[in-house]
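So the structure is just underneath, and the comments pick up after that.
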Amino acid sequence: MIEKVLIANRGEIALRVIRACREMGVATVAVYSDADRGALHVLHADEAYRLGPAPAAESYLRGDLILEVARRMGADAVHPGYGFLSENAEFAEACAAAGVTFIGPPASAMRVLGSKTRARQAADAAGMPRVPGSVTGLADVAEALRVATGIGYPVMLKAAAGGGGKGMRAVTRAEDLAAAFAAASSEAERSFGSGEVYLEKLIERPRHIEIQLMADEHGSCVYLGERECSVQRRHQKVIEEAPSAVVSEDLRRRMGDAAVRLALSAGYVNAGTVEFLVDDAENFYFLEMNTRLQVEHPVTEMVTGLDLVHLQLRVAMGEPLPLTQEDVRLRGHAIECRIYAEDPENHFFPSPGLITRLIQPSGPGIREDCAVYEGWNVPLDYDPMLSKLVAFAPTREQAIDRMLRALDEYVIGGIKTNIGLFRRILMDEDFRAARIDTGYLERLLAEGVAPVLEDVPEDVVALAAALFAASARRETLAAPVVSEESRWAVAGRREGLRL
Amino acid sequence: MTVWLEVEGEKRRVELPGEIGAGSGAVECLVDGRSIMADVRFLQAGVLSLLIDGRQYRCVLDGDGVVIGRRRFGFEVADPRSLQGRRGAGAGTDGPRPVKAPMPGRMVRVLVEVGDEVEEGQAVVVIEAMKMQNELKSPKAGRVVKIAIAVGDAVGAGDVLVVVE
Chain A
1 MIEKVLIANR GEIALRVIRA CREMGVATVA VYSDADRGAL HVLHADEAYR LGPAPAAESY
61 LRGDLILEVA RRMGADAVHP GYGFLSENAE FAEACAAAGV TFIGPPASAM RVLGSKTRAR
121 QAADAAGMPR VPGSVTGLAD VAEALRVATG IGYPVMLKAA AGGGGKGMRA VTRAEDLAAA
181 FAAASSEAER SFGSGEVYLE KLIERPRHIE IQLMADEHGS CVYLGERECS VQRRHQKVIE
241 EAPSAVVSED LRRRMGDAAV RLALSAGYVN AGTVEFLVDD AENFYFLEMN TRLQVEHPVT
301 EMVTGLDLVH LQLRVAMGEP LPLTQEDVRL RGHAIECRIY AEDPENHFFP SPGLITRLIQ
361 PSGPGIREDC AVYEGWNVPL DYDPMLSKLV AFAPTREQAI DRMLRALDEY VIGGIKTNIG
421 LFRRILMDED FRAARIDTGY LERLLAEGVA PVLEDVPEDV VALAAALFAA SARRETLAAP
481 VVSEESRWAV AGRREGLRL
Chain B
1001 MTVWLEVEGE KRRVELPGEI GAGSGAVECL VDGRSIMADV RFLQAGVLSL LIDGRQYRCV
1061 LDGDGVVIGR RRFGFEVADP RSLQGRRGAG AGTDGPRPVK APMPGRMVRV LVEVGDEVEE
1121 GQAVVVIEAM KMQNELKSPK AGRVVKIAIA VGDAVGAGDV LVVVE
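These protein sequence lines map, in sequence, to chains A and B.
Residue 352 in my numbering sits at position 352 of the first sequence, with consecutive numbering throughout.
Counting from 1 along the second sequence, just add 1000 to a position and that's the residue number in my numbering.
Structure (structure tokens):
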């Protein structure tokens, strides 16, 4: 039985886990860095503990500190969220050694499936189709050249410990391979602490489709349908949806069965995701496995009606899965937009800073997983994700229209966001017709991200601006002029202090 | 009350009646002398509903801009004299041009030195913010005359980092 969970994360995912715990009567401990003292996950938790300064290496990545907090606060489990320590086998092992349940897979399964090269070997052993290429890390450029010549160009170099598009390079000609190898390897070293890279055939215009799994420690594993994640920029997902518009019942079953085989062969327990590339002819190729809850899990929750974090906790408590494959029913369509603090009209520059205005969308079929509020200062130390907006409806077309409606309601002031970019995508004919692949967004962006704008009469704009200016002026005139000193004096009197 | 504004670069003059937002229905406002009957209601700080000829506009104050529907319009309160003074200033390619930080961050690389000749669009510095490295480019062709920051420095939005002449 788990009675108190420490959430080793921040932002919307920390809040998401805290909410699930509270629904299940499980107490929560938040941890935070100096940049996050005022963050919502701290506010929502039962207990909260400071880890250290803002840089993740001194706070959210300090597994030793986190376990120390767990011990001191009496937490019997740790939920790692995604990112940070979520796929760190040493941390999972340290938790086990400290007698704290790690809400995720065992370190052994993580070691096999978390490394891309070892996962490819496991996929081969499980009889899963994969993209042609090297199964192990490449020793040097000569080996890279040999493998590339064998499978033919174009090829893709990838970091073995990679993620988020780091340490990846596409190579179309043999003469570019050496430079790309050096660049990918050094980027991988900097990002993941390991310079190991491997190489695989570049599949042209593939779709990125992934299968959500849930496995218990009693040998049961179910797949919960697929997610289409082809709308990407620089190998990072931007929009995800469930189900995929192109996956037939037959393809879903074949991919799901293959994913389950892989998980069972590695002794996998808890939530995980097997990622595939899918081509026009419904061939699918194993890409990698994510051994954690993912950012895009809400779209699966919407179409299956399941709460994946509840399931994670139950499985971590040793309970058997409460459902079999036959019980999994998909209904409707869900789309998720990742709302980022960035400026699509200016090179996607990040835009941290104070949120001066926040009007959040709501209404039928809208879910928002969010951890920001009006007055929150979005720190520059972490990922720029502000929230995940999810629209759910009976059909894909209706879900798209619902999302557009929600985006129109959404106002985030003070910083730049990519809300306008989502309008552009959702109104695009190719997206609406589901003619998408992993290169789709880059092609759309090449056409420019001119925002979709409606007409507002100039006089109305001038009138609104004047009204705000006039009201500010009135407030200024009405407010008593108080110096800093006298304000302290007033506060002091109120608090009964002697100044 | 008369308010002088510059909205999206255009000079505007708006005359407002004394009492507004009391829920008494439409009041007459004059925009550049044109009459608009508007039912004005402040819903909360910085959020305003305008009803004009039955059409509803949700107006949200966002810093130095107003968001109406999907659009944000920048505006500045000004008087006519100061607006005239600023016209034409700051434009053109002559003279020194600063490279400013578009957001707060940390300087991770300086790609030029004082005295270097640079092309327009050539990357001059790299700032890291929110786990992303962002190259900032020279606004013009010319010579680097000043580097105001060093690797490792924290920079604020709008800080001048490099000056190209």
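For each residue, glycine too, the CB sits at the ideal point set by N, CA and C.
* Measure from the alpha carbon of V1031 (chain B) to the alpha carbon of each residue in A:E458, A:A470 and A:R473, then state which is nearest. => As a first step, residue 1031 (chain B) is located in the second sequence; it is residue number 31 there, counting from the start. For V1031 (chain B), the closest of A:E458, A:A470 and A:R473 by C-alpha to C-alpha distance is A:E458.
* Nearest to E23 (chain A) by CA position, among A:L308, A:G52, A:I366 and A:L354, is which residue? -> In the first sequence, residue 23 (chain A) corresponds to position 23, counting from 1. Comparing Cα positions, the closest option is A:L308.
* Run through DSSP, which three-state label would G272 (chain A) get? -> Locating residue 272 (chain A) in the first sequence gives position 272, counting from the first residue. In the structure shown, G272 (chain A) sits in a strand (DSSP, three-state: E or B).
* Proximity winner among A:G38, A:L453, A:R261 and A:R402, relative to A54 (chain A) (alpha-carbon distances) -> Here residue 54 (chain A) refers to the residue found at position 54 of the first sequence. It is A:G38 whose Cα lies nearest to the Cα of A54 (chain A).
* Asked: For I366 (chain A) versus L389 (chain A), is the C-beta spacing smaller than 9 Å?
  -> If you number the first sequence from 1, residue 366 (chain A) lands on position 366. If you number the first sequence from 1, residue 389 (chain A) lands on position 389. Yes; because the gap between Cβ atoms is below 9 Å, this pair is in contact.
* Asked: Which ranges would you report for the alpha helix (DSSP H) in the stretch 269-315 of chain A if only whole runs of at least 4 residues count?
  -> For the stretch 269-315 of chain A, whole alpha helix (DSSP H) runs of length 4 or above, ordered along the chain, are 297-304.
* Give, in chain order, every residue of the stretch 1128-1145 of chain B whose Cβ lies closer than 7 Å to some Cβ of chain A. => Residues passing the 7 Å Cβ filter: A1129, M1130, K1131, M1132 and N1134.
* Would you list the residues sitting across from W1004 (chain B) in a DSSP beta bridge? => The residue you call residue 1004 (chain B) lines up with position 4 of the second sequence. DSSP lists B:R1013 as partners of W1004 (chain B).
* Roughly how many angstroms separate the alpha carbons of K1146 (chain B) and D1116 (chain B), rounded to a whole number? -> Taking the second sequence and counting its residues from 1, one reaches residue 1146 (chain B) at position 146. Taking the second sequence and counting its residues from 1, one reaches residue 1116 (chain B) at position 116. The alpha-carbon atoms of K1146 (chain B) and D1116 (chain B) are separated by roughly 10 Å.
* Asked: Would you call the CB atoms of I151 (chain A) and K116 (chain A) closer than 9 Å?
  -> For the purposes of this step, residue 151 (chain A) is identified with residue 151 of the first sequence, where counting begins at 1. For the purposes of this step, residue 116 (chain A) is identified with residue 116 of the first sequence, where counting begins at 1. Result no, Cβ atoms of I151 (chain A) and K116 (chain A) do not sit closer than 9 Å.
* Asked: Would L499 (chain A) be called buried (16 or more neighbouring beta carbons within 10 Å of its own) or exposed?
  -> Within the first sequence, residue 499 (chain A) is the residue found at index 499, counting from 1. Confidence at L499 (chain A) is low in this model, with a pLDDT of 33, below 50, so the placement of that residue is unreliable and no value is reported for it.
* To do: Just the C-alpha distance for L1005 (chain B) and V460 (chain A), rounded to the nearest angstrom, thanks.
  => The count along the second sequence starts at 1 and reaches residue 1005 (chain B) at position 5. The count along the first sequence starts at 1 and reaches residue 460 (chain A) at position 460. The straight-line gap from Cα to Cα measures roughly 13 Å.
* Counting only runs of 4+ residues fully inside the stretch 31-83 of chain A, write out the alpha helix (DSSP H) ranges in chain order. => Fully enclosed alpha helix (DSSP H) runs of 4 or longer: 40-44 and 63-73.
* Asked: When the Cα atoms are used, what is the spatial distance from Q1056 (chain B) to D1039 (chain B)?
  -> Indexing the second sequence from 1 puts residue 1056 (chain B) at position 56. Indexing the second sequence from 1 puts residue 1039 (chain B) at position 39. Rounded to the nearest angstrom, the two C-alpha atoms are 9 Å apart.
* To do: Measure from the alpha carbon of P1096 (chain B) to the alpha carbon of each residue in B:G1063, B:R1013, B:K1140 and B:D1064, then state which is nearest.
  => Within the second sequence, numbered from 1, the residue matching residue 1096 (chain B) stands at position 96. When each option's Cα is compared against that of P1096 (chain B), the closest is B:K1140.
* **DSSP state of K388 (chain A) mapped onto helix, strand, coil** => Within the first sequence, the letter at position 388 stands for residue 388 (chain A). Shown here, K388 (chain A) sits in a strand according to DSSP, grouped into three states.
* the stretch 213-228 of chain A contacting the stretch 301-315 of chain A, beta-carbon criterion three pairs below 8 Å -> Touching, per the Cβ criterion.
* Between the C-alpha atoms of G448 (chain A) and K416 (chain A), what's the straight-line distance to the nearest angstrom? -> Walking along the first sequence from the start, residue 448 (chain A) turns up at place 448. Walking along the first sequence from the start, residue 416 (chain A) turns up at place 416. G448 (chain A) and K416 (chain A) have their alpha carbons spaced roughly 17 Å apart.
* Asked: Going by beta carbon distance, what residues of the same chain come within less than 8 Å of D428 (chain A), once the five residues before and after it are set aside?
  -> Your numbering for residue 428 (chain A) matches position 428 in the first sequence. Correct list, in chain order: L444.
* To do: Use the C-beta contact count for H41 (chain A): other C-beta atoms within 10 angstroms, 16 or more gives buried, fewer gives exposed.
  => Residue numbering aside, residue 41 (chain A) sits at position 41 when the first sequence is read from its first letter. With 16 or more other Cβ atoms inside 10 Å of its own Cβ, H41 (chain A) counts as buried.
* When DSSP labels each residue in this structure, what does G1065 (chain B) get in the three-state scheme? -> For the purposes of this step, residue 1065 (chain B) is taken as residue 65 along the second sequence, with counting starting at 1. Look at G1065 (chain B) here: in three-state DSSP terms it is strand.
* **Own chain residues within Cβ distance below 6 Å of A1129 (chain B), not counting five before or after** => Position 129 of the second sequence holds residue 1129 (chain B). Cβ neighbours of A1129 (chain B) within its own chain (closer than 6 Å, five residues either side excluded): M1103 and G1105.
* To do: Can you say whether E301 (chain A) is buried or exposed, counting buried as having 16 or more other CB atoms within 10 angstroms of its CB?
  => Counting from 1 along the first sequence, the entry for residue 301 (chain A) is found at position 301. Sixteen is the threshold: when 16 or more other Cβ atoms of the shown chains lie within 10 Å of the Cβ of E301 (chain A), as they do, the residue is buried.
* To do: Please specify which runs of the beta strand (DSSP E), each continuous and at least 3 residues long, are wholly inside the stretch 377-433 of chain A, giving them in chain order.
  => Under the rule that a run must span 3 or more residues, the beta strand (DSSP E) segments found entirely inside the stretch 377-433 of chain A read 385-393 and 411-413.
* In DSSP terms, what Y1057 (chain B) is bridged to -> To locate residue 1057 (chain B), count along the second sequence from 1; it is residue 57. B:L1050, per the DSSP bridge assignment.
* To do: Determine, using beta carbons only, whether G127 (chain A) and R261 (chain A) come nearer to each other than 9 Å.
  => By one-based count along the first sequence, residue 127 (chain A) stands at place 127. By one-based count along the first sequence, residue 261 (chain A) stands at place 261. The answer is yes: Cβ separation under 9 Å.
* **CA-to-CA distance, E1113 (chain B) to V1133 (chain B), given in whole angstroms** => Stepping through the second sequence from its first residue, residue 1133 (chain B) is reached at position 133. Stepping through the second sequence from its first residue, residue 1113 (chain B) is reached at position 113. The sequence given here has Gln at residue 1133 (chain B), not Val. Cα to Cα, Q1133 (chain B) sits roughly 20 Å from E1113 (chain B).
* To do: Rounded to whole angstroms, what's the CA-CA distance from E1010 (chain B) to A464 (chain A)? Just pull it up for me.
  => To locate residue 1010 (chain B), count along the second sequence from 1; it is residue 10. To locate residue 464 (chain A), count along the first sequence from 1; it is residue 464. Going from the Cα of E1010 (chain B) to the Cα of A464 (chain A) covers about 15 Å.
* **Same chain only: Cβ atoms within 8 Å of E93 (chain A), ignoring 5 sequence neighbours per side** => The residue given as residue 93 (chain A) occupies position 93 in the first sequence. Same-chain partners within the cutoff: A107.
* For M156 (chain A), the first and last residue of its enclosing beta strand (DSSP E) -> As a working note, residue 156 (chain A) is residue 156 in the first sequence. DSSP places M156 (chain A) in the uninterrupted beta strand (DSSP E) bounded by V155 to A159.
* Roughly how many angstroms lie between the CA atoms of D343 (chain A) and Y440 (chain A), to the nearest whole one? -> The residue given as residue 343 (chain A) occupies position 343 in the first sequence. The residue given as residue 440 (chain A) occupies position 440 in the first sequence. Rounded to whole angstroms, D343 (chain A) to Y440 (chain A) spans 19 Å at the Cα level.
* Report buried or exposed for T395 (chain A), applying the criterion of at least 16 other Cβ atoms within 10 angstroms of its Cβ. => Here residue 395 (chain A) refers to the residue found at position 395 of the first sequence. T395 (chain A) counts as exposed, since fewer than 16 other C-beta atoms from the protein chains shown sit within 10 angstroms of its C-beta.
* Measuring CB to CB, does D437 (chain A) end up less than 9 Å from P361 (chain A)? -> Within the first sequence, numbered from 1, the residue matching residue 437 (chain A) stands at position 437. Within the first sequence, numbered from 1, the residue matching residue 361 (chain A) stands at position 361. No.
* Counting only beta-carbon atoms, is R71 (chain A) nearer than 9 Å to chain B? -> On the first sequence, residue 71 (chain A) is found 71 positions in, with the first residue counted as 1. Not one chain B Cβ lies under 9 Å of R71 (chain A).
* Rounded separation between R1086 (chain B) and V1007 (chain B) - CA only -> Taking the first residue of the second sequence as 1, we reach residue 1086 (chain B) at position 86. Taking the first residue of the second sequence as 1, we reach residue 1007 (chain B) at position 7. Confidence at R1086 (chain B) is low in this model, with a pLDDT of 41, below 50, so the placement of that residue should be treated as unreliable; the coordinate-derived value is given next. Near 14 Å, if we compare the C-alpha coordinates of V1007 (chain B) and R1086 (chain B).
* Asked: What in chain B is Cβ-close to T172 (chain A), meaning under 9 Å?
  -> By 1-based counting over the first sequence, the position of residue 172 (chain A) is 172. Residues of chain B passing the Cβ test: none, with the nearest at roughly 24 Å.
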